[in-house]
Amino acid sequence: MKQFFILIFILILTPSFFANDGSNKETKSKLELLEEFKNISINKKSEERFTKRQINGIILSAIVPGSGQSYLGNTVKGAAITIGFFGTGVYAMIAHNNMTGREDRIKVLTAEYNSKGTFIEAEAVWKKIEAERILRDEDYKRRQIFTFASLGVWLYNIIDVIFLTSDKGVDSFVFNSNDVKIDLASHGNYNGIALKLFLP
Amino acid sequence: MKKNFIFVLFFSLILIACSEKEEIISPTHYDRVPKPNWGTINVDTTATGKLSITLNWSVSSPEKVRDYDLYRAVNNPTSFVSRTAATSTLVDSLFDVNADSIRLYYYVAAKGLDRFVGEPSDIIEIFATK
Numbered sequence: 063m064k065q066f067f068i069l070i071f072i073l074i075l076t077p078s079f080f081a082n083d084g085s086n087k088e089t090k091s092k093l094e095l096l097e098e099f100k101n102i103s104i105n106k107k108s109e110e111r112f113t114k115r116q117i118n119g120i121i122l123s124a125i126v127p128g129s130g131q132s133y134l135g136n137t138v139k140g141a142a143i144t145i146g147f148f149g150t151g152v153y154a155m156i157a158h159n160n161m162t163g164r165e166d167r168i169k170v171l172t173a174e175y176n177s178k179g180t181f182i183e184a185e186a187v188w189k190k191i192e193a194e195r196i197l198r199d200e201d202y203k204r205r206q207i208f209t210f211a212s213l214g215v216w217l218y219n220i221i222d223v224i225f226l227t228s229d230k231g232v233d234s235f236v237f238n239s240n241d242v243k244i245d246l247a248s249h250g251n252y253n254g255i256a257l258k259l260f261l262p
Numbered sequence: 002m003k004k005n006f007i008f009v010l011f012f013s014l015i016l017i018a019c020s021e022k023e024e025i026i027s028p029t030h031y032d033r034v035p036k037p038n039w040g041t042i043n044v045d046t047t048a049t050g051k052l053s054i055t056l057n058w059s060v061s062s063p064e065k066v067r068d069y070d071l072y073r074a075v076n077n078p079t080s081f082v083s084r085t086a087a088t089s090t091l092v093d094s095l096f097d098v099n100a101d102s103i104r105l106y107y108y109v110a111a112k113g114l115d116r117f118v119g120e121p122s123d124i125i126e127i128f129a130t131k
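In order, the protein sequence lines correspond to chains A and B. Heads up, my numbering is the position in the first sequence plus 62, with the first residue counted as 1. Heads up, my numbering is the position in the second sequence plus 1, with the first residue counted as 1.
This is the structure in structure tokens:
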């Protein structure tokens, strides 16, 4: 499975390395063609594809899946992606934690198994080892499934924020107004922390 | 650059989470000491009136065996007492029979060179009368 992730990792990084290579004539010519296409394009939306807000959204989504969608105004979709990512991620971590716990238990049982002096005692401990191994393997499978699911949600989130999420504009309810100010203040003989609000 | 850093971080975390499971040990207790199999069993009475039971058993690889523990129970197959036998033959005549008939239960376990007690044999039941 490691090789699979390394392959995906290389596949994702490779285009950015090629894009930085200015000596590649083929890439350059393609870029030139793209520029020409942009110049003759009537549809202005293609030029406005990646606004500053959308780039911010992509960066946010790369760090916290779903946050970019929420930032761009698609709050329900953003919340669903965030819950999906962290839900699968947390379950994968729980499965991983259970798996490591069971491996520790198997190590303890193995030491106990090696110290037993009779077949009957060794057989009893061996059955416990086998039972723990079965549970450990189930946790291992669960961890694999939910790690893949988490990765899938993350990848979908990136694709979604780049290609499928439209910018709905700045939310009117943002805390960037000068009408409301919050400040720490002291008042007369009052000893403590006071909150001073400058309401419009 | 920033994007690449995020990818490196993300995939590093996944690679750490994808550690392979550790293999468990192979069981050694199954073939460490061989399991005895019962051979011929003769029931007889001595001149003094005692029961004499000759028990024979065999193992697949005697070179792994140091000696044997023979377990015997009288009438009740739950409380066994043991005695050691150096070879795979033993004559048991250590008790008097007060009743007209008696039920005896035996099983034997081989002891390895490192004193590991191997898998016990099947329990046999002997019904003896005066």
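No residue lacks a Cβ here, since even glycine has one placed at the ideal position from N, Cα and C. Since this is a predicted model, take the numbers as computed values, not measurements.
- The beta carbons of residue 105 (chain B) and residue 129 (chain B) sit about 7 Å from each other, so the pair counts as a contact at 8 Å.
- When 7 Å is used as the limit between beta carbons, residue 202 (chain A) is near these residues of chain B: 22, in chain order.
- Residue pairing by DSSP places residue 112 (chain B) opposite B:68, B:118 in a beta bridge.
- Rounded to whole angstroms, the separation of the alpha carbons of residue 169 (chain A) and residue 40 (chain B) is 40 Å.
- Annotation for residue 126 (chain B): no alpha helix (DSSP H) segment contains it, though the beta strand (DSSP E) segment containing it runs 125 to 130.
- Secondary structure of residue 173 (chain A) (DSSP, three-state): helix.
- Nearest Cα to residue 204 (chain A) within the set A:228, A:157, A:226, A:213: A:157.
- In the DSSP assignment, the residues bridged to residue 106 (chain B) are B:74, B:126.
- If you look at residue 85 (chain B), you'll find it in the beta strand (DSSP E) that goes 82 to 86.
- Non-local beta-carbon contacts of residue 37 (chain B) in its own chain, meaning distances under 6 Å to residues more than five positions away in sequence, involve 58, 60, 109, 111, 122 in chain order.
- Per the Cβ contact rule, the region 111 to 124 of chain A is not in contact with the region 205 to 212 of chain A (fewer than 3 Cβ pairs under 8 Å).
- One thing to note: residue 83 (chain B) has its Cβ within 8 Å of the Cβ of residue 71 (chain B).
- Look at residue 117 (chain B): its C-beta is under 8 Å from a C-beta on chain A.
- Not flagged as an interface residue toward chain B: residue 196 (chain A), since no C-beta distance is shorter than 8 Å.
- Neighbours of residue 184 (chain A) across chain B, judged by C-beta separation under 7 Å: 30.
- A Cβ of chain A is located within less than 8 Å of the beta carbon of residue 26 (chain B).
- Taking a contact to require three or more Cβ pairs closer than 8 Å, the region 186 to 205 of chain A and the region 135 to 142 of chain A do not qualify as touching.
- In the same chain as residue 137 (chain A), and ignoring 5 residues on each side of it, no C-beta atom comes closer than 7 Å to its own.
- Look at the beta carbons and you see the region 115 to 134 of chain A touching the region 218 to 232 of chain A: at least three pairs across the two are nearer than 8 Å.
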